[in-house]
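For the sequence shown, my numbering assigns the number 138 to the initial residue and increments by one for each residue that follows.
Backbone N, C-alpha and C fix where the C-beta goes; we use that ideal spot for every residue, glycine too.
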Amino acid sequence: MKIFRKASELVQNLLSIKDTGQSIGLVLTMGKLHDGHLSLIREAQSHNEFVICSIFINPTQFNSEDDFNSYPKTIDDDISKLENIGCNLLFLPEIQDIYPNGLVKNKTVNNFRNILCDKYRPGHFDGVTTVVDIFFNIIKPMHSYFGEKDFQQVKIIKDLVKINHHKIKIIQCPSIRDKTGMSLSSRNYKFSNNQSKTFYKLGNIIKEYINLLKQSEINNLDKLKIELQQNNINKIDYLEIRNENNLEITKDYSEARLFIALYIGDIRIIDNFKLY
Ligand code: PAF
C-alpha cells in the first residue's frame with residue numbers, strides 16, 4: 138500500500154491512475170479503524186479499481202481541545218488493517234497541509250441544521266464539511282463512502298456535494314453492529330468494564346424498545362428514557378423519531394428511524410435504528 142503525507146505528492150501520483158480511466162473510491166476516516174471502516178473499504182473495492190483511505194483527525198470538528206487531544210491514535214495498527222484488506226493508498230496528511238492558512242471552518246450547508254447533533258455540537262458539522270470539501274478537492278474521487286451511524290453527517294455531506302458541484306457520488310452504507318445491535322464506534326474502546334456492561338445493556342434495552350415501537354405496542358419514548366436512567370444513563374442529548382429522508386420529527390414509522398445521542402461516562406454514543 139502506498140502512503141502519502143503530502144497533498145501535492147498524492148495529486149501527482151493520482152494523475153496516472155486517472156489517466157488510465159480507473160475509478161477511485163474514497164473512504165475518509167479519523168483512524169482507530171474498526172470493522173465499520175473496513176466494510177466501507179470493502180464496499181469501495183467492489184465498485185472501484187483504486188481505493189484510497191485517509192486518516193486525519195480533523196481539529197475543526199471537535200467541540201473541545203481535550204476531546205481532540207484524547208482522540209485515539211493507532212496508526213501502526215490502522216496501517217496493518219489497511220494492508221491486510223488490500224487498500225491501494227493511504228493519505229495521511231499533517232494539519233499544516235490541510236489547513237495551510239490556519240484552522241478555519243466555513244458554514245456551507247444550511248439544511249438538516251439546528252437539530253440532532255448540530256444542536257448539541259454547534260459548529261461540528263461546519264468542521265466536517267470544511268475538511269471533507271478540502272479532501273474532495275484534493276482527491277476528486279468518483280465515489281466516496283460514509284457509514285449510516287453518522288446519519289446526519291451523510292445527509293449534510295450529500296448537500297455539500299450538490300452545493301459545491303463536486304462530481305462525486307456519495308454512497309451511504311449500513312452500520313456494522315455488535316452482537317447487541319449497537320453500531321461500532323472508534324470511541325467505544327475507552328469503556329471500562331462497567332461501562333461495557335452498561336453499553337451491552339443499552340443495546341438490549343433499545344432492541345426491545347424498537348420491537349415495541351414496530352409492533353405499535355408503545356408510541357412514545359418516555360419509558361425508554363426512564364429505563365435508560367435506571368441503568369445509569371443520565372446524560373441524554375436526544376431520543377427522537379425522525380423521518381429518514383427529511384429528518385423531521387414524525388409519528389409515521391414507515392420511513393422513520395429512532396435517533397439517539399447519550400453518554401456512558403464521558404463517552405458520547407450516537408446511533409440510529411430503523412423502525413420499519
Ligand atoms: O466520520 C468521520 O470519521 C469524520 O467526520 C470524517 C468524515 C472523516 C471527517 O473528518
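CA nearest to the CA of residue i, picked from the options
{"i": "residue 345", "options": "372, 333, 365", "result": "365"}
{"i": "residue 210", "options": "166, 383, 406, 287", "result": "166"}
{"i": "residue 161", "options": "235, 331, 279", "result": "279"}
{"i": "residue 303", "options": "239, 277, 323, 285", "result": "277"}
{"i": "residue 338", "options": "367, 275, 252, 176", "result": "367"}
{"i": "residue 389", "options": "359, 350, 405", "result": "350"}
{"i": "residue 195", "options": "310, 171, 372, 231", "result": "231"}
{"i": "residue 297", "options": "324, 325, 175, 262", "result": "262"}
{"i": "residue 251", "options": "375, 308, 392", "result": "375"}
{"i": "residue 323", "options": "183, 139, 192, 187", "result": "192"}
{"i": "residue 306", "options": "321, 257, 168, 164", "result": "164"}
{"i": "residue 408", "options": "391, 377, 175, 214", "result": "377"}
{"i": "residue 253", "options": "402, 181, 386, 404", "result": "386"}
{"i": "residue 312", "options": "139, 275, 159, 171", "result": "171"}
{"i": "residue 329", "options": "178, 212, 265, 401", "result": "401"}
{"i": "residue 243", "options": "258, 212, 197, 233", "result": "197"}
Three-way DSSP call (helix, strand, coil) for residue i in this model
{"i": "residue 375", "result": "strand"}
{"i": "residue 258", "result": "coil"}
{"i": "residue 236", "result": "coil"}
{"i": "residue 408", "result": "strand"}
{"i": "residue 395", "result": "strand"}
{"i": "residue 241", "result": "coil"}
{"i": "residue 380", "result": "strand"}
{"i": "residue 335", "result": "helix"}
{"i": "residue 346", "result": "helix"}
{"i": "residue 303", "result": "coil"}
{"i": "residue 162", "result": "strand"}
{"i": "residue 265", "result": "helix"}
{"i": "residue 281", "result": "strand"}
{"i": "residue 246", "result": "coil"}
{"i": "residue 272", "result": "helix"}
beta-carbon residue i near ligand 1 non-hydrogen atom, thresh 7 Å
{"i": "residue 269", "result": "yes"}
{"i": "residue 454", "result": "Nothing can be reported for residue 454: it is not among the residues displayed for the chain, which extend from 138 to 413."}
{"i": "residue 319", "result": "no"}
{"i": "residue 167", "result": "yes"}
{"i": "residue 195", "result": "yes"}
{"i": "residue 332", "result": "no"}
{"i": "residue 198", "result": "yes"}
{"i": "residue 309", "result": "no"}
{"i": "residue 182", "result": "no"}
Test: residue i CB closer than 8 Å to a CB of chain B
{"i": "residue 387", "result": "Absent here is chain B; the protein component of the structure consists of one chain."}
Query raised in the report: Quick one: any contact between the region 263-276 and the region 390-397, if contact means 3 or more CB pairs under 8 Å?
Result: Look at the beta carbons and you see the region 263-276 not touching the region 390-397: under three pairs across the two are nearer than 8 Å.
Query raised in the report: Is it a yes or a no for the region 286-300 touching the region 144-160, going by three-plus beta-carbon pairs under 8 Å?
Result: No, they do not touch.
Report task. Please confirm if the region 221-231 is in contact with the region 141-153, defined as three or more CB-CB distances below 8 Å between the two stretches. Result -> yes
Requested in this report: Check whether the region 379-395 touches the region 308-316, counting contact only when three or more Cβ pairs, one atom from each stretch, lie closer than 8 Å.
Outcome: no
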